[in-house]
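Quick note: the sequence shown uses the numbering used here, first residue 1, plus one each step.
Built from N, CA and C at the ideal position, the CB exists for glycine as well.
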Amino acid sequence: MDYYSKRNMFLLFSILLLSVLFAGCSAIAGSSDEIKIGYQKNGTTLTLKNDGELQKELEDLGYTVTWSEFNTGSSILEALNSGSIDFAGAGDIPSIFALDKGSDFKYIASEPSAPTSEGILVSENSDIQSLEDLKGKKVAYNNASIAQYLLTKSLHAVDLSIDDIESVILNPPDASLAFEKGEVDAWVVWDPYLADAESRGNVVLQTAEDIVPYRSFYFATSEITEEAPEVVELFIEHLSQVGKSIDADPTEAAELLEEATKIPSATWGTVLARKQSNVQFIDNQAIEDLQVEAKDLLDIGLINNEIDFTENIWYPENE
Numbered sequence: 001m002d003y004y005s006k007r008n009m010f011l012l013f014s015i016l017l018l019s020v021l022f023a024g025c026s027a028i029a030g031s032s033d034e035i036k037i038g039y040q041k042n043g044t045t046l047t048l049k050n051d052g053e054l055q056k057e058l059e060d061l062g063y064t065v066t067w068s069e070f071n072t073g074s075s076i077l078e079a080l081n082s083g084s085i086d087f088a089g090a091g092d093i094p095s096i097f098a099l100d101k102g103s104d105f106k107y108i109a110s111e112p113s114a115p116t117s118e119g120i121l122v123s124e125n126s127d128i129q130s131l132e133d134l135k136g137k138k139v140a141y142n143n144a145s146i147a148q149y150l151l152t153k154s155l156h157a158v159d160l161s162i163d164d165i166e167s168v169i170l171n172p173p174d175a176s177l178a179f180e181k182g183e184v185d186a187w188v189v190w191d192p193y194l195a196d197a198e199s200r201g202n203v204v205l206q207t208a209e210d211i212v213p214y215r216s217f218y219f220a221t222s223e224i225t226e227e228a229p230e231v232v233e234l235f236i237e238h239l240s241q242v243g244k245s246i247d248a249d250p251t252e253a254a255e256l257l258e259e260a261t262k263i264p265s266a267t268w269g270t271v272l273a274r275k276q277s278n279v280q281f282i283d284n285q286a287i288e289d290l291q292v293e294a295k296d297l298l299d300i301g302l303i304n305n306e307i308d309f310t311e312n313i314w315y316p317e318n319e
């Protein structure tokens, strides 16, 4: 092989090597353009994922999108705090518990408070007719949850306390079985468990109305709100559009939820009808609700620290 042939082969090898290196660098750089969305099985985020409009728009902007399903508010917020996901949706009380433990994230939007979406259930033929009648009764609820918060505040409203009942600490699936078997006298729970139990003839003794707020919030990592606020706004814009469509006609969302959860679409129709799914940027009322809840939880002993939400609220740049 002559000098020129060797030189050409060397140049070809160098070009190929540089191509591989550049490809590797591009792959690494591109990884920062991944948008990771965590979701739970609720009407708004499930519809958002299903219709694909947000994902398409983000992909047109050069992002890749991954979706991760979570079963609880605490688990999705843990993932958000660790940076495993960029966006999440969860309830108000799990978010306060997470902040109490030192988590870092931003509240970016909320749905209106839906106090009739949680309540205290009794059986159709129960002799419990009022909150006062709960004294001495077996009441099932999930420990350190919105259910314990509602129960505590409801009892306080009639000069009773948790000590005046027999607490039965159960998660919703186990509590549902105990309630149906008559092993407990009352059950404190939220939708869709509440609506499902109602559909079987059980009675809501008390909802959260005029007792405690009950909101769904949407969250983002501090990093994405700082580095890509336009993506945050786009996320909220699409959530809002989906929420408005559900409020106008919940049929599609109810059918999606039936497929995902095996709970009948009629039950999901009830769930969606008694709440507003319209997502909005954080407003003063949402902040006030959080402050009230955090103070209550501290007074009750469910959290250990006073929480200042100032650093955890994100506002769009044009606000």
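Tell me whether Arg200 is buried or exposed, calling it buried when 16 or more other Cβ atoms sit within 10 Å of its Cβ. The sequence position of residue 200 within the sequence shown is 200, counting from 1. Looking at its Cβ environment, which holds fewer than 16 other Cβ atoms inside 10 Å, Arg200 is exposed.
When the distance is taken between beta carbons, is Lys137 closer than 8 Å to Ala186? The residue you call residue 186 lines up with position 186 of the sequence shown. The residue you call residue 137 lines up with position 137 of the sequence shown. Yes.
So who's on the other strand from Lys106, going by DSSP bridges? Here the question's residue 106 lines up with position 106 in the sequence shown. Per DSSP, Ala220.
Look up Thr72 in the DSSP assignment and say whether it is helix, strand or coil. In the sequence shown, counting from the first residue as 1, residue 72 sits at position 72. Three-state result, Thr72: coil.
Measuring CA to CA, which of Ala157, Gln40, Glu124 is closest to Val204? Sequence index remark: in the sequence shown, residue 204 carries index 204 (1-based). The candidate whose alpha carbon is nearest that of Val204 is Glu124.
I'd like to know whether the C-beta atoms of Phe281 and Ser95 end up nearer to each other than 8 Å. As a position in the sequence shown, residue 281 is number 281, starting the count at 1. As a position in the sequence shown, residue 95 is number 95, starting the count at 1. Their beta carbons are not under 8 Å apart, which means Phe281 does not touch Ser95 by this criterion.
Thinking just about the alpha-carbon of each residue, which of Thr225, Glu183, Ala98, Leu77 is nearest to the one in Pro326? The requested residue 326 does not occur in the structure, where the chain is confined to residues 1 to 319.
Apart from the five residues just before and just after Ser222, which ones in its own chain have a Cβ nearer than 8 Å to its Cβ? Position 222 of the sequence shown, counted from the first residue, corresponds to residue 222. Cβ neighbours of Ser222 beyond the five flanking positions: Asp104, Phe105, Lys106.
Secondary structure at Glu306, three-state DSSP: helix, strand or coil? For this step, residue 306 is matched to residue 306 along the sequence shown. If DSSP states are grouped into helix, strand and coil, Glu306 belongs with coil.
Hey, is the segment 130-146 in contact with the segment 249-269, meaning 3+ C-beta pairs nearer than 8 Å? no
In or out: Ile169 buried (at least 16 other Cβ within 10 Å) or exposed? Residue numbering aside, residue 169 sits at position 169 when the sequence shown is read from its first letter. Answer is exposed; the Cβ neighbour count stays below 16.
Which residue comes first and which comes last in the beta strand (DSSP E) that contains Ala228? Taking the sequence shown and counting its residues from 1, the one referred to as residue 228 is at position 228. Unbroken run through Ala228: none, as it is neither H nor E.
So, are the CB atoms of Thr44 and Gly269 less than 8 Å apart? Translated into the one-based positions of the sequence shown, residue 44 becomes position 44. Translated into the one-based positions of the sequence shown, residue 269 becomes position 269. No, these two residues do not count as a Cβ contact at 8 Å.
Rounded distance between the beta-carbons of Ser84 and Lys36, thought under 8 Å: Residue mapping note: residue 36 aligns to position 36 of the sequence shown, counting from 1. Residue mapping note: residue 84 aligns to position 84 of the sequence shown, counting from 1. Right, the Cβ-Cβ distance comes to about 7 Å (below 8 Å), so this counts as a contact.
For Thr207 and Ile120, what's the separation of their Cα atoms in angstroms? The sequence position of residue 207 within the sequence shown is 207, counting from 1. The sequence position of residue 120 within the sequence shown is 120, counting from 1. CA-to-CA, the gap between Thr207 and Ile120 works out to about 6 Å.
Where Val292 falls, given that 16 or more other Cβ within 10 Å makes a residue buried: Locating residue 292 in the sequence shown gives position 292, counting from the first residue. With a threshold of 16 other beta carbon atoms within 10 Å, Val292 falls short and is exposed.
Looking only at its chain, what residues have a beta carbon closer than 7 Å to the beta carbon of Leu99, apart from the 5 residues adjacent to it on each side? Against the sequence shown, residue 99 aligns to sequence position 99. Only Ile307, Asn312 meet the Cβ criterion.
Tell me the rounded alpha-carbon separation between Leu302 and Pro173. One-based indexing of the sequence shown puts residue 302 at position 302. One-based indexing of the sequence shown puts residue 173 at position 173. Taking the straight line from one Cα to the other gives about 23 Å.
To the nearest angstrom, report how far apart Ile142 and Ser110 are at their CA atoms. Reading the sequence shown from its first residue, position 142 is the one you call residue 142. Reading the sequence shown from its first residue, position 110 is the one you call residue 110. Looking at the sequence itself, residue 142 is Asn, so the reference to Ile does not match. Computed Cα separation, rounded: 24 Å.
Does DSSP classify Pro316 as helix, strand or coil? Locating residue 316 in the sequence shown gives position 316, counting from the first residue. The answer is coil: DSSP assigns Pro316 none of H, G, I, E or B.
Apart from the five residues on each side of it in sequence, which residues of its chain come closer than 6 Å, Cβ to Cβ, to Thr64? Mapped onto the sequence shown, residue 64 falls at position 64. Residues Glu34 of the same chain have their beta carbon placed closer than 6 Å to that of Thr64, with the five preceding and five following residues left out of the count.
Secondary structure of Lys36, DSSP reduced to three states: On the sequence shown, position 36 is the one that residue 36 refers to. It is a strand residue.
Quick one: complete alpha helix (DSSP H) runs, 4+ long, within the segment 166-225? 172-180, 193-199
Can you tell me where the beta strand (DSSP E) holding Tyr141 begins and where it ends? Here residue 141 refers to the residue found at position 141 when the sequence shown is read from its first residue. Residues 138-141.
When you compare the CB positions of Gly91 and Phe70, do they come within less than 8 Å of one another, or not? One-based indexing of the sequence shown puts residue 91 at position 91. One-based indexing of the sequence shown puts residue 70 at position 70. Cβ atoms of Gly91 and Phe70: not closer than 8 Å.
Who are Val65's beta bridge partners in DSSP? Walking along the sequence shown from the start, residue 65 turns up at place 65. Paired residues: Ile35.
Applying the 10 Å Cβ sphere with the 16-neighbour rule, what's the burial state of Gly73? Here residue 73 is taken as the residue at index 73 of the sequence shown, counted from 1. Label assigned to Gly73: buried.
Is the distance from the Cβ of Ala147 to the Cβ of Val189 below 8 Å? As a working note, residue 147 is residue 147 in the sequence shown. As a working note, residue 189 is residue 189 in the sequence shown. Yes. Within cutoff.
Put Val122 into one of helix, strand or coil per three-state DSSP. Position 122 of the sequence shown, counted from the first residue, corresponds to residue 122. Looking at Val122 - three-state DSSP - the assignment turns out to be strand.
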